[in-house]
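Engineer: According to my numbering, the sequence shown is numbered sequentially starting from 1. Just dropping this structure here.
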Amino acid sequence: MSWRCSSTSNEGLIANLFRHGLIKNDTVREAMRKVDRAHFSPIMPYEDSPQGIGYNATISDHNWFIKTHPLGPKAAEALLDRLGPGKKVLDVGSGSGYLTAVLAHLVTPGGTIVGIEHIQQLCDLSTANLKKDPVHSGMLQDGTIKIVRGDGRLGYPEGGPYDAIHVGAAASIMPQALIDQLKAPGRMFIPVGGFSQYIWQVDKDEEGNVKKEKQYGVLYVPLTDAKEFRDEN
1 MSWRCSSTSN
11 EGLIANLFRH
21 GLIKNDTVRE
31 AMRKVDRAHF
41 SPIMPYEDSP
51 QGIGYNATIS
61 DHNWFIKTHP
71 LGPKAAEALL
81 DRLGPGKKVL
91 DVGSGSGYLT
101 AVLAHLVTPG
111 GTIVGIEHIQ
121 QLCDLSTANL
131 KKDPVHSGML
141 QDGTIKIVRG
151 DGRLGYPEGG
161 PYDAIHVGAA
171 ASIMPQALID
181 QLKAPGRMFI
191 PVGGFSQYIW
201 QVDKDEEGNV
211 KKEKQYGVLY
221 VPLTDAKEFR
231 DEN
């Protein structure tokens, strides 16, 4: 399927993903059309395959994981009920900044998104990537997008509570700090596990009750802090 979705342009890539059912929602498709993957992945940007960005991180493809689950669009679609103008989002393990930018388009006008990374070089990279597009550069300037350095497992309480939280790396256990930072109502999309990893959807209702739903198997890099990263490398 991946080779069928690759293209020579961002427009072509998104059209192919939609045609093959890897993007299902029109709102998400339009948001992805506004984010040129070439600004975040300089080598073969329109190939539907994972692209290394350094520091054990990747910009994910869209059907790379088990049973071709389209994790980029799928994450946005899973969170869509909690997105919209004026909403607050936390993007944990924001990496290249690609999905951060896509989600930003799903909360404007008036919304905010915080991307958090544990490696300063990745924070710098994502900021530089976002500045390649005048729209995203403007979002950085007006505070719609904020990139911070920190331990993603602890979240970023200063910007919360959040209507939606996306986690782009696998936590060894479910991080309670992130659940605490969900708004009521709110939703989190998070991979959890070590050798065996699964996507979990965590919903908090209006009364603050939490429901955790295990969904499907995936393969992500681990969610760590800077010290653990140095120890592993």
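For each residue, glycine too, the CB sits at the ideal point set by N, CA and C.
Between L86 and G115, how many whole angstroms is the CB-CB distance? I'm expecting something under 8 Å.
Structural biologist: Position 86 of the sequence shown, counted from the first residue, corresponds to residue 86. Position 115 of the sequence shown, counted from the first residue, corresponds to residue 115. Note that residue 86 is Gly in the sequence shown, not Leu. In fact, because the Cβ distance is near 18 Å, the residues do not count as touching under 8 Å.
Engineer: Would you please state the rounded distance, in angstroms, between the beta carbons of G155 and A177? I believe it to be under 8 Å.
Structural biologist: Residue numbering aside, residue 155 sits at position 155 when the sequence shown is read from its first letter. Residue numbering aside, residue 177 sits at position 177 when the sequence shown is read from its first letter. Between A177 and G155 the Cβ distance is about 5 Å, and since that is below 8 Å, they are a contact.
Engineer: Taking only beta-carbon positions, decide if K183 is within less than 9 Å of chain B.
Structural biologist: Absence of chain B from the displayed structure is noted, only one protein chain being present.
Engineer: Going by DSSP in three states, D91 sits in which element: helix, strand or coil?
Structural biologist: The residue labelled residue 91 in the question sits at position 91 within the sequence shown. Reduced to three states, the DSSP call for D91 is strand.
Engineer: So for P238, helix, strand or coil by DSSP?
Structural biologist: The first residue shown for the chain is 1 and the last is 233, placing residue 238 beyond what the model contains.
Engineer: Under 8 Å, with one C-beta from each stretch per pair, do the region 121-136 and the region 157-165 reach the 3-pair mark?
Structural biologist: Touching, no, given that fewer than three Cβ pairs across the two stretches are closer than 8 Å.
Engineer: Report the rounded CA-to-CA distance for L219 versus G72, giving the unit in angstroms.
Structural biologist: As a working mapping, residue 219 is identified with position 219 in the sequence shown. As a working mapping, residue 72 is identified with position 72 in the sequence shown. Cα-Cα distance, rounded: 13 Å.
Engineer: If you compare alpha carbons, which of K74, G208, H39 is closest to P191?
Structural biologist: In the sequence shown, counting from the first residue as 1, residue 191 sits at position 191. Closest by alpha carbon: K74.
Engineer: Could you round the C-beta distance between N10 and R37 to whole angstroms and report it? I think they count as a contact, below 8 Å.
Structural biologist: Along the sequence shown, read from residue 1 onward, the residue named residue 10 stands at position 10. Along the sequence shown, read from residue 1 onward, the residue named residue 37 stands at position 37. Indeed, because the Cβ distance is near 6 Å, the residues count as touching under 8 Å.
Engineer: With 16 as the cutoff for other CB atoms within 10 Å, does I43 come out buried or exposed?
Structural biologist: Working through the sequence shown from its first residue, we reach residue 43 at position 43. It counts as exposed.
Engineer: By Cβ distance, which residues of its chain are closer than 8 Å to G12, with the 5 residues on each side in sequence left out?
Structural biologist: As a position in the sequence shown, residue 12 is number 12, starting the count at 1. Closer than 8 Å at Cβ, skipping near neighbours: Y46.
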